Structures are given as structure tokens and as C-alpha cells.
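Participant: Counting from 1, position 514 in the sequence shown corresponds to residue 1246 in the numbering used here; the numbering is continuous, with no gaps.
Here a beta-carbon is modelled for each residue, glycine too, at the ideal position from N, C-alpha and C.
If you're wondering where the values come from, they're calculated on a predicted model, not measured in any experiment.
For reference, the structure I am asking about is given below.
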Amino acid sequence: MLGKLMSEEHAEGEFGPPLYYNDGTPLDQHNVLVTQPPCKSKTLYDVVKNATQRNASRLCTGTRRLIKVHQIEEDGRKFEKLEYANEYNWITYAEYQKRVDDFASGLVNVSGVAPKDKVVVYAETQRDWMIAANASFAMNCQVVTIYATLGEEGAEYGLNQTQSKVCVADGKLLKVLSKIATKCAALEYVITLGEVDVTLVSKLTEAGKKVISIEDLCKNGAASPVDGSSRRPTPEDIAVVMYTSGTTGAPKGVLLTHANVCSGVGGFRFSGATYGINETTIFLAYLPLAHIMEMIAEISMMAFGGQLAYGSPHTLSDTGVKLKRPESNGDAIVAKPTFMVFAPAVFDKVYKAVLKKAENAGGMKKTLFDKALDWGMQNYEAGGMGVNALANKVVFGPVQSMLGGKLKLAMTGSAPLSPEIQKFMQTVLKCPVRQGYGLTENCACATIGTPNDNATKTVGPPQACTVIRLADWPEGQYMNADKKNPNIGMSRGEVLVGGPAVSIGYYVDPNNPDPEIMKKNEEEFVVIKGVRYFRTGDIGQITPQGTLQIIDRKKDLWKGPQGEYVSLSKVESALKLSQYVEMPLVYGKTGAEFVVSLCCVVESEITRFASSKGLSGTIEELCEMPDVVAEVTKSAREKCKEMSLVEFEVPKKFGLLPQTAWTPENDMLTAAMKLKRPLIQRSFQDKLDKCYA
């Protein structure tokens, strides 16, 4: 059930002119947006089928064999370390298609799913996540995504709201599933991935659920193939119900049709080709597949005929927190990817780690590093990339080797990337580092930076499947008319993303319709001149070069006593540059004269500073010590000024928290590592009040 969707035409009035991908076509003739990949796939079933027909004998997906799980004890605490084989085992496109077909047949044989039934995938990113999804698409079932980091409440919410009959689940997540099984009446079948605990299987069975492993399911399908020709999806059928990792309130289920996703894949294929992505590309897949950016990237790589090597954020490099060293190398070292997608938070950590290593090296090594970095920054400003071959090999080669040494393209999304870190990472990695922009509601396909554009603070031009408009926002003083203001010179306003990749709306529970969701379906989607748009809530401006810059967020603004606006996320991007700050939240109290910040600290840096001052104690105790707070405050404020923030934007007071105070596991962050502001503010109100005392 969708509820009432906004479908009437809107006059252009408050909206600026449309911005398309600049392919040289005059604007008045540019009325064709990409709706599918070049292979003419109209559904996601077609994408895999066509990819297999073109690339049957080529390598498709690779996985690493888990040798042993080690239980390590340090300082009275136990840690799990994973030992993997230092090679990838690959299967071909033909073998991949066979496993999809077997899963699809087994799914129908065992569970009796009908077309348009829902199949939940509740698992960490892995090959069989997409196998399950592609098999569901083949039988015209709707895939419901639930983040693996969601606990009992989140998993129960997704299963019950969608009334899903089947759940594909990680063996490690059966613990959560077994606790909520009796509360999920519609759930009948659980398909397990990987190793399972037999006691948890027994609990699920006792709760009336039928449990079968993926291997047994595929054996069933291979023995009794199902002719699915009459069940194939149409472009208009729903492919995915993707729950957004909302920063406020309950997650919303975004409805994406096969046509929506195929349009997004077509747009990404068009952009990727400009970077030389092709059938020789190796993509390291490790971000959450329940996030639209990773799903689109993986489906697009299949459309390219490329290779997907599966890894994990916890074993990505040799410094991975769950990697057993020295027995196992990081996923990137083994896979040697040529293309990766990074969350900005990952780059933030790499930036700090590399600078710290150079600082600790000291002497000639530090001097050489600084000189090479200076050369790289100058080259960046001139439109180039990296440094000369000798300096690159000697200074930055070790960093590149941590990611396999073959990287040709690095893309980021989900949050702003500071100019300093973008320049730094492109210099260190010696490959284009580009920002993209998109949302679940438009299949993550709004904009991507172009290969030869080194501009910072921009997310690039629209993709070939997308058209952008800006809507006036008088309250925030962002208007399309700002283009005529000589002090601004650019159209500004709320970003509207339009085109065939835009969702048909949010899922409305037919048994318990949520008025708020129905209201969002009416207000957040608009039609202008026959094109469906989504109101993003982000504030953007269009540069003279035809690229989009995200400069604000309607929900992230604080209004000061003189009427000045502070963009909280903008200030947070600056604070992250401090060596002491792991993750900041900037907060402005209504009626207050200034903003303050809570910061989860980098514990190793805090203990190092404390030791230099003769201070000791637990990390919680150190975070309360005046000398420590003063040092972090000084460092953070300096970074704000280096990033040209004006004084009213810079936090006056800081509260410090341990590094692990906010995580997806404790529900303070989304799975995409975004702050859940209202929840953090409520949970740490005493800390915020202390900052204002």
C-alpha cells in the first residue's frame, strides 16, 4: 500500500531551471534520461541473465575461505580474530547464474513463495546476500533489506511491517532472530547463511519456523528446477523495499521498482565508463548491501562484466580490528582492487593514521613526507594527481600497498568529504578521489564528480539518469534568485532530484497505515513538467561549471541570536580534522548565544597526551580532566579556523566521550555512520547542559 502519492503537476514558480548531465546537447533538446543499462536490461533479472550471456566464462565473484576463528584475551578482555586464506576463490558468471537459479527454484519448492511475496535479507555483505536477492528478483519476489547492525527492535519492525514470509539470515544473526521469532507471526521460513549454532536453530524450530541452510536449499533447487518463465518481473514491479537508516524516528521503507534500479544502474554505467570501468575492473565489495550505494555498485559491476571480491570493513586492511595477524593479510592486499567506494569516515581514519605514522617516523622520513605531500597538493591545484614516480614509490607506495597497490578510482558518498582530506587522499592514493551524491529515494544516483575535475566541495554534475532542480527556501534565505546577487553568483535552494530512478514512494503498512508516512508520500515527491522529483532536504548551489555543491541541510541548521545560521554538519566536518576527534556532534540550544560540541575522542591520542602531562586514569576519567578538555578544545578550534569558519560557527565549549560512545550497535549512529542527532541529544543531555552551564 502506497497511500496517496503526489502526482499533480506543479508550476515551476519556486523551482529553478532543470540541470542535466552536460553531454553537449542543447538544453531545449535534452529530454531523454537514461532508463536502463546499455545491455537494454529492463529488470534486475535481465541484468544478471544478460551479464551471464556476455561473460559466461569470465570470473564473477570471489570470496576468502575462513580457516579459523581465534579467541584472543588481552588485558582481561576477549577479542575475536579471524584467520583467512590469503587468496580469493573465484566463480565464473555461468557458475554464479547456476547458483542463482538453484536458489530461486529451492526458494519456490521449499517456501511456496508467490510473485510479489516479500523476502527479507538480514545479513552482512557477502556473495550469497546478492545470490538471494537475484534469485528473489528472478521469481518476482520483493527483497526487503534490514541492516545487519539492527538489533531486535529494528529487525522485528521490518519483518512485521512487511509481513515477510521468508528471511535469509546470517548464522551469526540467528541469536537476534531467535529472540523475536515468536513476535513475527508472518515469518515461516528462515534460510541460513554460513555456520550456525544448532541451539539457535532449535529455538527457531520451537517457535514454529522452518529452518534450512542455503546449501540444502540450492541442492533442492538443483534437483527440482522450477520453470520461472511465467513469474518474471516487469519493469513496474517492486524489486526492493529498502529501509533507510533514518537519523530520526522509525526507518522508512523506500519502494524501488525494477525500472527505478535499472535506471540507476544505467546512470552509473554511463558515469563509470568515463573512468574506464569495464570487464577488467575488480571491485572490492565490503560496505553494507542494505545500503543503496553498495547495492547499485554491485549490480552495476555485473552489468559491466567486472569482478566482485567480497570483504569486510573489519578485515579490509592489515590493521583490520578482526584480522588475525600475521597469518592473514587484509582483503584489499589479497584482492588488489582497481575500484573501491569509501565512507568519508574511513578516509578520515586513514588521513589521521598516515599523518601520525609520518610524525612518529621523524627525521629525514618526516621531511621527505612533508615535501612529497606539498608537491602533491601543488599538483592537485594544477589539475593533476599524485607526485612523480620516484617520490610516489618511496613515500606513498606503502599506503597504496595497504589497498592492494592497483587502485584506479576511489569514490565517496553518504557524507561530505572535506577539501583537505580529498586532496590528501588523491595525492596519497595517486588515483581520482571523487564525491558522489544520492539517496535511497533515487537509487543513490544523483551526481558523481567527473574524472578530470579536481574541484573540492562539489559532488559533480547530474548523472545521465537524473535531472536536478533547486527549490527556493525563503526561511533559510536560499533562493534561485541568488544567482543574480553579485556577492553569491549561484542559484541556491533545496535540492530536488528527478528522473526515472526516483522511488514510487514509501511503504505504507496496509494493516496499520502510518499517517506520517502517508503525509511524506504526498509532500516529499512532486511532479514538474512530467518528471517525478524527490525533495531531499539538502541545500545546494549550482556552480558556473554545472556541478552541484551541497552547502547545508534544512534539518541541520541552528539559528543564532543575531539571526545568523550555523550549519552543524559543516562545523562537524572541520572538527573531524583534529587528531583527538573521532566523531563530533555540534549542538545549538534554542535561545543560546553559541554552539557547543560533544566529541567521541581518539583514545590513543588522548592517553598519549595525558601521559605527556603526567595524567592517568580510565578514558572516562581522562575525558573529564580540565587539561585534556582544554587540549582538545584548542586543537578543534584551530581546525575550525583553518577551514575558514567564522567565529559564530566555532563551538565555544566541548564535552568529551570515549571513542565507542556512539556506534550503530548502540543505535546512536545509522549503519552508514550518520549521527542520530535527536537520540544522541536526549541520551547525553546532561553533557550538553554542562557545556552551557
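Is it the case that the Cβ atoms of V1313 and V1327 are separated by a distance below 9 Å?
Facilitator: no
Participant: Give the list of continuous alpha helix (DSSP H) stretches no shorter than 4 residues that lie fully inside the segment 1077-1127.
Facilitator: If we require 4 residues or more, the alpha helix (DSSP H) runs fully inside the segment 1077-1127 come out as 1095-1113.
Participant: Suppose you measure from the CA of T1006 to the CA of P1183; what does that come to, to the nearest Å?
Facilitator: 7 Å
Participant: Who pairs with H802 in a beta bridge, going by DSSP?
Facilitator: K813, per the DSSP bridge assignment.
Participant: Where do the ends of the alpha helix (DSSP H) carrying S1336 lie?
Facilitator: 1335-1344
Participant: Where Q761 and H1023 are concerned, what is the direct C-alpha to C-alpha distance, given to the nearest angstrom?
Facilitator: Per-residue confidence for Q761 stands at a pLDDT of 49, beneath the threshold of 50, marking its modelled position as unreliable; no derived number is given.
Participant: Pick out whichever of E1113, M1250, A1104, V1131 has its Cα sitting closest to the Cα of V1119.
Facilitator: A1104
Participant: Need the endpoints of the beta strand (DSSP E) that D902 sits in, please.
Facilitator: 898-902
Participant: For the alpha helix (DSSP H) that I1236 lies in, which residues bound it at each end?
Facilitator: Counting along the chain, I1236 falls outside any alpha helix (DSSP H), and DSSP gives it neither H nor E.
Participant: Considering only the alpha carbon of each residue, which of N992, I912, F835, G1037 lies closest to L925?
Facilitator: F835
Participant: Kindly indicate which three-state DSSP category K772 falls into: helix, strand or coil?
Facilitator: Coil at K772, not helix or strand.
Participant: Put S1415 into one of helix, strand or coil per three-state DSSP.
Facilitator: helix
Participant: On the three-state DSSP scale, how would you describe D959?
Facilitator: coil
Participant: Have a look at R1285 and W1205 and give me their C-alpha separation to the nearest angstrom.
Facilitator: Those two C-alpha atoms are separated by around 11 Å.
Participant: May I ask you to report which of helix, strand or coil DSSP gives I1014?
Facilitator: strand
Participant: What's the gap between the Cα of E1337 and the Cα of K984?
Facilitator: Cα to Cα, E1337 sits roughly 38 Å from K984.
Participant: For a test of the three-state rule: what should DSSP assign to M1315, helix, strand or coil?
Facilitator: strand
Participant: Quick one: what's L1289 bridged to in DSSP?
Facilitator: The partner list for L1289 (beta bridge, DSSP) reads S1299.
Participant: For T1395, which residues in the same chain have their Cβ closer than 7 Å to its Cβ, ignoring the five residues on either side in sequence?
Facilitator: L1401
Participant: Relative to the C-alpha of S1301, which residue among D1246, Q1277, V1382 is closest?
Facilitator: V1382
Participant: Does the distance from the C-beta atom of S995 to that of T1172 stay below 9 Å?
Facilitator: no
Participant: Taking all protein chains shown into account, decide if H990 is buried (16 or more other Cβ within 10 angstroms of its Cβ) or exposed.
Facilitator: buried
Participant: Measure the Cβ-Cβ separation of S837 and A971 and say whether it is below 9 Å.
Facilitator: no
Participant: Count the other C-beta atoms from every protein chain shown that fall within 10 angstroms of the C-beta of A1147, then say buried if there are 16 or more, exposed otherwise.
Facilitator: With 16 or more other Cβ atoms from the protein chains shown falling within 10 Å of its own Cβ, A1147 counts as buried.
Participant: Quick check: what's the CA-CA separation for R1369 versus P1358?
Facilitator: 16 Å
Participant: Tell me the rounded alpha-carbon separation between K1068 and G794.
Facilitator: 12 Å
Participant: Buried or exposed for E1026, please, with buried defined as at least 16 other CB atoms from any protein chain shown within 10 angstroms of its CB.
Facilitator: buried
Participant: Three-state secondary structure (DSSP) at P1390?
Facilitator: Three-state result, P1390: coil.
Participant: My output table needs one value for D969: the three-state DSSP class, helix, strand or coil.
Facilitator: coil
Participant: Going by the CB atoms, is the gap between C771 and V764 shorter than 9 Å?
Facilitator: no
Participant: If you count every other CB in all the chains shown that lies within 10 Å of the CB of K1345, and 16 or more means buried, which is it?
Facilitator: exposed
Participant: How is the beta strand (DSSP E) around Q1167 delimited, first residue to last?
Facilitator: 1165-1169
Participant: Return the CA-CA distance between K781 and E1254, expressed in angstroms with no decimal places.
Facilitator: 36 Å
Participant: For T894, which of C916, G1038, N1061, D902 has the nearest alpha-carbon?
Facilitator: Among C916, G1038, N1061, D902, the Cα nearest to that of T894 is on C916.
Participant: Buried or exposed for T1198, please, with buried defined as at least 16 other CB atoms from any protein chain shown within 10 angstroms of its CB.
Facilitator: Around the beta-carbon of T1198, 16 or more other beta-carbon atoms lie within 10 Å, marking it buried.
Participant: If contacts are defined as beta-carbon pairs under 8 Å, then K1419 and G1387 qualify, I think. What distance do you get, rounded to the angstrom?
Facilitator: 4 Å
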